[in-house]
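Numbering (our numbering), first residue to last: 64 to 306.
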């Protein structure tokens, strides 16, 4: 069960997540307004009432928001919500530190725009990383970002050519997409951790390998111990809690 507290003014809204193991409070970032407003809409409309933390991986994250875990929803309702997505809102100041609230999504191969699920979210538990680990991860993160955008550009070029009635050869699509990629890289700085963010991962922990490709839109303000308790429960082969 989730409930939303709406403070006056520009203060960040807080949502309370009540579980069988205790309560978790999350603060929603105003800098990610699409995700903030959508999450509040899902809470207030009762979409999350009775849903489970259906995917739990210790030292990684706990995931919830799948309507199919609530038997009160009809199949058409579940199908509609399952296909509901919102645009990504990547903000370099928000990282996957322990307690981060982020949106789940489909993989880059079918979702090159990295759009977020409109219902499914996860809370990071993660683990601690060394400074050297994080510096090595930066290049992997940048590689993942470049790959996702290149897939997107290829799809855009191919779709545009098909709609115009003038389909292109694969080599032509690759060439045009490469030009788009070059322009993107020329105007968008590479992902890079600040010293403060490195210190956060070293001392608090998290899942840095998800940075830059999944939208972080809030953080736990109370109940990190409950996140740890949920992450520690027994699960089956599909990471679903068995209790």
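The beta carbon of each residue, even a glycine, is placed where N, CA and C say it ideally should be. Predicted, not measured: the structure shown is a model, and the values here were computed from it.
Give every residue of the same chain whose Cβ lies closer than 7 Å to the Cβ of residue i, excluding the five residues on either side of it in the sequence, and list them in chain order.
i	result
residue 240	213, 216, 217 and 220
residue 296	119, 304 and 306
residue 123	188, 189 and 270
residue 247	212
Which residues mark the beginning and the end of the beta strand (DSSP E) in which residue i is found?
i	result
residue 117	116-120
residue 79	77-82
residue 127	124-127
residue 265	Here residue 265 belongs to no beta strand (DSSP E); instead the alpha helix (DSSP H) covers 258-266.
residue 88	85-91
residue 290	Taken as a continuous stretch (DSSP letters only), residue 290 belongs to no beta strand (DSSP E), being part of the alpha helix (DSSP H) at 287-294.
So, at 6 Å on beta carbons, what are the nonlocal neighbours of residue i in its own chain, with the 5 sequence-adjacent residues on each side left out?
i	result
residue 292	84
residue 157	279
residue 94	154
residue 116	125, 127 and 293
residue 299	305
residue 89	78, 164, 281 and 283
residue 287	162
residue 138	none
residue 226	none
residue 285	88
Measure from the alpha carbon of residue i to the alpha carbon of each residue in the options, then state which is nearest.
i	options	result
residue 262	180, 290 and 159	159
residue 260	192, 79 and 116	192
residue 290	87, 301 and 183	87
residue 150	139, 161 and 168	168
residue 174	202, 288, 139 and 211	211
residue 272	161, 103, 105 and 80	161
residue 121	107, 226 and 270	270
residue 110	140, 96, 97 and 123	140
residue 258	231, 249, 123 and 201	201
residue 178	74, 275 and 285	275
How about residue i and residue j: do their beta carbons lie closer than 9 Å?
i	j	result
residue 133	residue 114	yes
residue 190	residue 268	yes
residue 81	residue 99	no
residue 251	residue 207	no
residue 277	residue 165	yes
residue 97	residue 176	no
Quick one: give me the first and last residue of the alpha helix (DSSP H) that residue i is part of.
i	result
residue 102	96-107
residue 250	233-250
residue 161	That residue, residue 161, is in no alpha helix (DSSP H); it is neither H nor E in DSSP.
residue 192	Element bounds for residue 192: n/a, residue is neither H nor E.
residue 143	138-145
If residue i and residue j are in contact, beta carbons under 8 Å, what's the gap, nearest whole angstrom?
i	j	result
residue 281	residue 92	6 Å
residue 129	residue 183	6 Å
residue 254	residue 186	Rounded, the Cβ-Cβ distance is 22 Å, inconsistent with contact.
residue 256	residue 197	6 Å
Within 9 Å of any Cβ in chain C, is that where the Cβ of residue i sits?
i	result
residue 255	The chain inventory of the structure shown lacks chain C, comprising one protein chain alone.
Going along the chain, which residues of its own chain have a beta-carbon closer than 8 Å to the beta-carbon of residue i, five neighbours each way excluded?
i	result
residue 181	101, 105, 144, 147, 148 and 149
residue 194	261 and 265
residue 354	With the chain covering only 64 through 306, there is no way to say anything about residue 354.
residue 244	209, 212, 213 and 216
residue 302	118, 119 and 120
residue 231	220, 221, 224 and 239
residue 309	Nothing in the structure corresponds to residue 309, since the chain is present only between 64 and 306.
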